[in-house]
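One structure is given below, encoded as structure tokens.
Residue numbers (mature numbering (1 follows the signal peptide of the UniProt record, and there is no 0)): -19 to -1, 1 to 673.
In structure tokens form, the structure reads like this:
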């Protein structure tokens, strides 16, 4: 059973979990630039079947757009791109996208890489080249795309006009590229060449007819007797590749903020969301699925949980310029709080350091002892900046939902490559000034670990609402162990007031726990003993069967603005909470006067699954519905009283389904009854009839 730590609650430290597939818009592929020998690359077929089948739609050539997201660093990509008069001038960079061909007849080819525009440049820019035979053109951008950030890159060809776009801006353009189609010719003969060394079968080129991502496709340097590694491969992340048979951009545009949706002109769309395995799926046609060839040291490409979209995108990102005079650098900006400060020793050179904070757990956290933080950081330096050592300072109060109770029990870990390899414990320093501190000599991915004992109750939500009749507290647990119940602690927001216990499971049935359970459980409590104009803060305590008490760090604060006395109520039915639920939920309703109310619950076919008559009081009433004996799905609940006949919809979510469902409060919905249900209501009597 999953249990939370006494160190962290909510999304703090969680029990260690093995790697698993990643959700939509939340994965990417990490290449390592291993290059030769047909490894560390993705191969996408242009013909069906290769090598001499029918041309597939992805085999674009005249008017087209290729676009993707990338994240890389300069240190891992050292190629140079400078020859603009050659259609293959891009090949000397670190290859990202290779649709080259080799030997005659050279019917046309193109490719994309990144590299230095001059040998001494600290920047890495995009190069895009097209060629037919000995005629060709390469254009070179101006924007540094190897700064550790995600960048949207697009290249287009419209006749003889080719362009590069970076983050929605035109980065380079030329109008003298080959004007005709540069699509792969299905009828061309593959070259006859004896490989040297014999890496591929004699008389064939192993990577024709393919698009290759992340590497120079032919390992050409091995065939011409050059030193292996002359043609460099890409090292970094790729995500969300779209290939279109039209020119989508001719001027500046707003880069996408979510994964692409296919349209009539999309011939290749790769979301990179598999998260596992060796297939890169083309959502347009599986005939153009990519095959992932893993190899090298470190072995790549590997699946990464990093993404420019969704929950796995950075929650905060701050860039600072650094130099040999840098000592203490604060990586917090307005609206971008990373919670990190770095004290440098022995700094030299100049460049930049970027700190990114992510609100998701590290993928495959091998090497972290105990339990793992549900957040992490990636720190990257660029340029010639180096340092002898650095003290990382993580300000606990600036880490959202951290829940840290005892900083001295927290360890800080680093691994050299994000999402890949094992973490190692850093040299820990004593916490100081609210900071967790550790010493490091290098940057990369950082996460927390702790071996603290787990709490018997995993609290995943705690909130409060001011209502006319008091303050309503709501909380939810994901699991419980030997839980006798809860106590409510409260204090007014006045100086030095101590916590007071205002309610206990010993006297209130609503606060009694579920013992031991792995199911979601929702609780609610109404504190009616409040005064208008005052502000109250609440906290929770759970108590085991043996009397052991556990205090939770989360608090909620509410100001009472309306008097809770002498409220006149009307008949009303509220949306259940939580919704979806598993297996119990709270249904609230109000009555104008004391009387009998009837609660009826039906499934989507109109069949009654539960009915109960309730003695309701004037004012607010609470009913706890437990669906443990029902199948998961959609249910409707109807409340009948003297002047009330209302309906609402609720969702009972099983344990198998809840992992794939984002828990959120559903909006009250218009209810569509089935044909087997007929509602008859009048001011004096109301009946819900069910047709046989």
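Using N, Cα and C, we set each Cβ at its ideal position, and we do this for glycine too.
Quick caveat, the model's predicted, so the values are computed rather than measured.
Can you name, in chain order, every residue of its own chain whose Cβ lies under 8 Å from the Cβ of residue i, other than the five neighbours on each side?
i	result
residue 480	470, 471, 472, 520
residue 285	8, 9, 10, 11, 218, 344, 399, 400, 401
residue 23	10, 193, 194, 195, 261, 271, 272, 273, 274, 282
residue 247	223, 224, 225, 241, 265
residue 511	451, 452, 517, 541, 545
Mind checking residue i: buried by the 16 CB within 10 Å criterion, or exposed?
i	result
residue 542	exposed
residue 156	exposed
residue 445	buried
residue 353	buried
residue 418	buried
residue 121	buried
residue 580	buried
residue 440	buried
residue 30	exposed
residue 297	buried
residue 6	With a pLDDT of 48 at residue 6, under the threshold of 50, the predicted position of this residue should be treated as unreliable, and no value is reported.
residue 594	exposed
residue 307	buried
residue 545	Because the pLDDT at residue 545 is just 44, under 50, the model does not fix this residue reliably, and the value given afterwards should be weighed accordingly. So residue 545 counts as buried.
residue 158	buried
residue 269	buried
residue 674	Here the chain covers residues -19 to 673 and nothing more, so residue 674 does not appear.
residue 347	exposed
residue 114	exposed
residue 349	buried
residue 314	exposed
residue 488	exposed
residue 129	buried
residue 528	exposed
residue 378	exposed
Go through its chain and collect everything with a Cβ distance to residue i's Cβ below 6 Å, but skip five positions before and after it.
i	result
residue 563	500, 501, 634, 639
residue 167	28, 36
residue 359	337, 399, 426
residue 34	28
residue 192	25, 80
residue 627	554, 620
residue 253	8, 9, 10, 220
residue 650	Confidence is the limiting factor: at residue 650 the pLDDT is only 38, short of 50, which leaves the residue's position unreliable and the question unanswerable from this model.
residue 397	425
residue 326	369, 370
residue 536	518, 520
residue 237	none
Look up residue i in the DSSP assignment and give the residues it is bridged to.
i	result
residue 480	The partner list for residue 480 (beta bridge, DSSP) is empty, contrary to what the question assumes.
residue 461	438, 498
residue 247	225
residue 512	Partner(s): none; residue 512 has no beta bridge.
residue 519	471, 537
residue 676	With the chain represented from -19 up to 673, any question about residue 676 goes unanswered, as that position is not in the structure.
residue 555	For residue 555, which the question treats as bridged, DSSP gives no partner whatsoever.
residue 301	334
residue 273	23
residue 315	In DSSP, residue 315 forms no bridge with anything.
residue 252	The partner list for residue 252 (beta bridge, DSSP) is empty, contrary to what the question assumes.
residue 579	594, 621
residue 542	In DSSP, residue 542 forms no bridge with anything.
residue 486	In the DSSP output, where bridge partners are listed per residue, residue 486 has none listed.
So, at 7 Å on beta carbons, what are the nonlocal neighbours of residue i in its own chain, with the 5 sequence-adjacent residues on each side left out?
i	result
residue 57	14, 216, 217
residue 75	14, 58, 60, 94, 95, 96, 213, 214, 215, 216
residue 364	103, 330, 331, 332, 333
residue 675	The requested residue 675 does not occur in the structure, where the chain is confined to residues -19 to 673.
residue 145	107, 109, 120, 122, 136, 152, 153
residue 125	104, 105, 106
residue 300	333, 335
residue 311	322
Between residue i and the ligand FMN, is the CB less than 7 Å from at least one heavy atom?
i	result
residue 127	You won't find the ligand FMN in this model; it holds no ligand whatsoever.
* Is the region 608 to 624 touching the region 547 to 564, taking contact as three or more C-beta pairs under 8 Å? -> They touch, by the three-pair rule.
* Entirely enclosed beta strand (DSSP E) segments - the region 332 to 402, minimum 3 residues -> Fully enclosed beta strand (DSSP E) runs of 3 or longer: 352 to 354, 357 to 364, 370 to 376, 392 to 396.
* Segment contact flag, the region 276 to 284 with the region 16 to 26, C-beta cutoff 8 Å, min 3 pairs -> Counting Cβ pairs under 8 Å, three or more are found: they touch.
* Which residue spans inside the region 35 to 64 form an unbroken beta strand (DSSP E) run of at least 3? -> With a minimum length of 3 residues, the continuous beta strand (DSSP E) runs that stay inside the region 35 to 64 are 45 to 54.
* Asked: Does the count of Cβ pairs from the region 605 to 617 and the region 566 to 577 closer than 8 Å reach three?
  -> These segments touch.
* the region 63 to 77 / the region 249 to 266 touching (three or more Cβ pairs under 8 Å) -> No: fewer than three Cβ pairs fall under 8 Å.
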